[in-house]
Amino acid sequence: MQFIRQVVPKHKTFITRYISTATKEARPPKMPRYTPQNQQILDETMIPGPYLRFFKTKREKKRHDNGKLISPDTGALDLYTSPARPINFNEFDSAPTIAQERLSERLNRAISTMYTMETLPTKWVTLDHLTIRGVKVSRNLRKCRVLYEPTSTVKRERGNVHRALQDYTPLLNTLIRTHALLKRPLSIKFIPDTQTKELDDIFHRLEAEEKDSLLLPEEKLE
Numbered sequence: 003m004q005f006i007r008q009v010v011p012k013h014k015t016f017i018t019r020y021i022s023t024a025t026k027e028a029r030p031p032k033m034p035r036y037t038p039q040n041q042q043i044l045d046e047t048m049i050p051g052p053y054l055r056f057f058k059t060k061r062e063k064k065r066h067d068n069g070k071l072i073s074p075d076t077g078a079l080d081l082y083t084s085p086a087r088p089i090n091f092n093e094f095d096s097a098p099t100i101a102q103e104r105l106s107e108r109l110n111r112a113i114s115t116m117y118t119m120e121t122l123p124t125k126w127v128t129l130d131h132l133t134i135r136g137v138k139v140s141r142n143l144r145k146c147r148v149l150y151e152p153t154s155t156v157k158r159e160r161g162n163v164h165r166a167l168q169d170y171t172p173l174l175n176t177l178i179r180t181h182a183l184l185k186r187p188l189s190i191k192f193i194p195d196t197q198t199k200e201l202d203d204i205f206h207r208l209e210a211e212e213k214d215s216l217l218l219p220e221e222k223l224e
């Protein structure tokens, strides 16, 4: 920036003023609207207005060191953005929102109504052979998991329950959405509840070990 001294007369007196002149950077030459090849095509052929944008000159973008494309006018600018919420690899395991809890309760009531009012195609999908452990809804309210556990301990009967739920999932999906009076599409899947079973097994094992530890001192006293 340079300062130019200038003397300006005012009311028969001389006042010294300083006028600053900032050195302006030379702007890059403006790119032509159409390239010579495209301009020749437009001169020879009548192109409808909406399609003229395909003939306009496009700015070339250079690739930065990190692989991102940048405009030559803007230079290398590193922009750091953060997501609106933390990304969870399994959105069903995160803490549910109020909307998720409300939809989960609504679907739970719809499942109870379905088992009360509807005649199901096979006995293996009824509450006589399985127990509903819970209902989980995804954050976008588009997916639902119904956690279940077969009541029988026989391997063959448990397999029948798993296969029946897989075969009749589309029918059960339609019945649940009908009783829940849902307007938006929702994907409902029946998933075996393995986590609750594992926790129950650990709890029973710890309970048995605690009983054994209490019985050992009594046996020593005898």
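Take the working numbering: the final residue in the sequence shown is number 224, and no numbers are missing along the way.
For each residue, glycine too, the CB sits at the ideal point set by N, CA and C.
- Counting only residues of its own chain and dropping the five nearest sequence neighbours on each side, residue 151 has a CB closer than 8 Å to the CB of 132, 133, 135, 194, 195, 198 and 199.
- Separation of residue 187 and residue 176 (C-alpha to C-alpha, rounded to the nearest whole angstrom) is 10 Å.
- In the DSSP assignment, residue 150 is bridged to 134 and 194.
- Listed in chain order, the non-local C-beta contacts of residue 128 below 8 Å within the same chain comprise 117 and 122, local neighbours out to five positions each way being set aside.
- Counting of Cβ neighbours within 10 angstroms places residue 205 among the exposed residues, the total staying below 16.
- Residue 109 has its alpha-carbon roughly 13 Å from the corresponding atom of residue 192.
- Between residue 57 and residue 36 a beta carbon distance of about 6 Å is seen, short of the 8 Å cut, so the two are scored as contacting.
- If the five residues before and after residue 120 are omitted, its C-beta is found closer than 6 Å to the C-beta atoms of 177, all from its own chain and listed in chain order.
- Each residue's CA atom was taken as its position, placing residue 107 and residue 52 some 51 Å apart.
- In this structure, the CA atom of residue 139 is about 22 Å from the CA atom of residue 169.
- Cβ-Cβ distances below 7 Å link residue 160 to 152 and 154 in the same chain, with the five nearest sequence neighbours on each side left out; the list follows chain order.
- Relative to the Cα of residue 166, the nearest Cα in the group 213, 124 and 39 belongs to 124.
- Apart from the 5 residues on each side of it in sequence, residue 145 sits with its Cβ closer than 6 Å to the Cβ of 189 in its chain, given in chain order.
- Short of 8 Å from the beta carbon of residue 99, and not among the five residues preceding or following it, lie these beta carbons of its own chain, in chain order: 141.
- Using a 10 angstroms sphere on the CB of residue 102, the tally of other CB atoms reaches 16 or more, which defines it as buried.
- Taking a 10 Å sphere around the C-beta of residue 183, we find fewer than 16 other C-beta atoms and assign the residue as exposed.
- It is roughly 19 Å from the alpha-carbon of residue 28 to the alpha-carbon of residue 61.
- In the DSSP assignment, residue 36 is bridged to 58.
- Scanning its chain for C-beta atoms nearer than 8 Å, with the 5 sequence neighbours on each side dropped, one finds around residue 43 the residues 49 and 57, in chain order.
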